[in-house]
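Participant: Residue numbers (full-length UniProt numbering): 1 to 107. Attaching a single structure in structure tokens format; questions to follow.
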């Protein structure tokens, strides 16, 4: 198993790619809906156990997900920024955040 931290880049359409080994470990399939949550500093993706949720996105066959613009705006994330990706196997959750050194620069 690979050790973190992992980094991904946000594309112009708000997409980020979840590395394949994380998708496999968390058993996230192409076309599956995942819940998107934020606290204003981090973005969390979690498996969707219900049929509907306010902020959902779909994982593509290549592992990309689009982070909704409302969440990108709330977290003040710009196109081209690198995001740190952490995953929690026990909670079946992926978290994106600005790298520590970047978030302290903007404070």
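Even for Gly, the Cβ is constructed at its ideal location relative to N, Cα and C. Because the structure is a prediction, the values reported are computed rather than measured.
#1: How about the stretch 10-17 and the stretch 59-79: do they share at least three Cβ pairs that are nearer than 8 Å?
#2: Might you give, ordered along the chain, the residues of its own chain that have their beta carbon closer than 6 Å to the beta carbon of residue 109, omitting 5 neighbours on each side?
#3: Can you tell me the Cα-Cα spacing of residue 86 and residue 19, whole angstroms?
#4: Suppose the cutoff is 7 Å on Cβ atoms and the five residues either side in sequence are ignored; what does the same chain contact list for residue 53 look like?
#5: Where are the alpha helix (DSSP H) runs, 4 residues long or more, that stay fully inside the stretch 58-90, in chain order?
#6: Under a Cβ-count criterion, where at least 16 other Cβ atoms within 10 Å of its own Cβ denotes burial, should residue 7 be classed as buried or exposed?
Facilitator: Reading off the structure:
#1: yes
#2: The requested residue 109 does not occur in the structure, where the chain is confined to residues 1 to 107.
#3: Within the chain shown, numbered from 1, the residue matching residue 86 stands at position 86. Within the chain shown, numbered from 1, the residue matching residue 19 stands at position 19. If you take the alpha carbons of residue 86 and residue 19, they lie about 11 Å apart.
#4: Within the chain shown, numbered from 1, the residue matching residue 53 stands at position 53. Note that residue 53 scores 44 on pLDDT, short of 50, meaning its location in the model is unreliable and no value can be drawn from it.
#5: 69-74
#6: Counting from one through the chain shown, the residue named residue 7 turns up at place 7. Counting Cβ neighbours within 10 Å, residue 7 comes out exposed, since fewer than 16 surround it.
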